[in-house]
Amino acid sequence: MSGLPTAKILAVIERTDAGEGGGACCPHCGAQGRYIFRFVCDDGVTRGAMAGCFKLFRRADGPIADLTRRAHEKLADARLSQRQAASWWAEIIEATERLGRGEIGRDDHRSIVLAADGRRRSWLNRNGYGRGRR
């Protein structure tokens with residue numbers, strides 16, 4: 019046995035920042051650190067892990083798990099700079115929280131996240147941030 023987690027991440031529900039100096043403990047291994055992720059796995063269990071342990075978990079659906087992680091990072095960055103996050107990031111986070119509460123299923127969550135990401139990509143392309151930008 020390799021010691022790697024067997025559960026796969028469906029979506030990141032929350033990212034907590036304990037601040038510089040790392041005032042939090044990893045729910046997975048107990049080490050001290052700064053960023054704690056809480057996520058839903060394919061077996062229906064909600065788990066938590068620090069950034070280092072979080073990387074050990076495989077993704078059930080890589081693009082969806084990465085988009086939900088990124089949405090939490092964008093929201094945290096917006097809060098730090100005292101501005102509002104883009105609506106598509108908020109939509110992804112809301113759908114993920116609903117998945118975590120069991121209000122929607124995995125397929126519904128996936129379609130909401132992909133639709134929000136489609137709106138994000140469309141906006142980026144319309145505003146000159148698409149591929150081939152000079």
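For the sequence shown, the numbering used here assigns the number 19 to the initial residue and increments by one for each residue that follows.
We treat Cβ as the ideally placed atom computed from N, Cα and C, and that holds for glycine.
All figures in this text were calculated on a predicted structure; none of them were measured in a lab.
Residue i and residue j closer than 8 angstroms at C-beta
{"i": "PHE57", "j": "ALA69", "result": "no"}
{"i": "ARG65", "j": "ALA25", "result": "yes"}
{"i": "HIS90", "j": "ILE122", "result": "no"}
{"i": "ARG137", "j": "TRP107", "result": "no"}
{"i": "ARG101", "j": "ILE27", "result": "no"}
{"i": "CYS44", "j": "ALA67", "result": "yes"}
Proximal residues to residue i (C-beta, below 7 angstroms), its chain only, five neighbours per side dropped
{"i": "ALA29", "result": "PHE57, VAL58, ILE82, ALA83, THR86, THR114, LEU117 and HIS127"}
{"i": "ILE31", "result": "ARG56, PHE57, VAL58, THR64, THR114, GLU115 and GLY118"}
Inter-residue spacing [alpha-carbon to alpha-carbon] between residue i and residue j
{"i": "CYS71", "j": "SER129", "result": "28 angstroms"}
{"i": "MET19", "j": "GLY48", "result": "In this predicted model, MET19 has a pLDDT of only 38, less than 50, meaning its place in the structure is not dependable enough to derive any value."}
{"i": "ARG152", "j": "ARG119", "result": "Because ARG152 carries a pLDDT of 46, less than 50, the predicted location of this residue cannot be relied on, and no value is offered for it."}
{"i": "ALA134", "j": "ASP125", "result": "14 angstroms"}
{"i": "ARG53", "j": "GLU109", "result": "Looking at the sequence itself, residue 53 is Tyr, so the reference to Arg does not match. Approximately 22 angstroms, taken between the alpha carbons."}
{"i": "ASP79", "j": "HIS46", "result": "21 angstroms"}
{"i": "SER140", "j": "LYS92", "result": "18 angstroms"}
{"i": "GLY39", "j": "LEU132", "result": "36 angstroms"}
{"i": "LYS12", "j": "ARG33", "result": "Not covered by the structure: residue 12. The range shown for the chain is 19 to 152."}
Cβ shell of residue i (< 6 angstroms), same chain only, five flanking positions each side left out
{"i": "ASP61", "result": "ALA25"}
{"i": "PHE75", "result": "PRO23 and ILE27"}
{"i": "ALA103", "result": "LYS92, LEU93 and ALA96"}
Contacts around residue i, its chain only, beta-carbon distance under 8 angstroms, and the 5 residues preceding and following it disregarded
{"i": "GLN50", "result": "GLY40, GLY41, ALA42, CYS43 and CYS44"}
**Item:** Secondary structure, beta strand (DSSP E): runs of 3+ residues fully inside the segment 44-104
**Value:** Entirely contained in the segment 44-104, the beta strand (DSSP E) runs reaching 3 residues are, in chain order, 53-59 and 64-68.
**Asked** Hey, is the segment 88-96 in contact with the segment 139-146, meaning 3+ C-beta pairs nearer than 8 angstroms?
**Response** Result no; under three Cβ-Cβ pairs closer than 8 angstroms.
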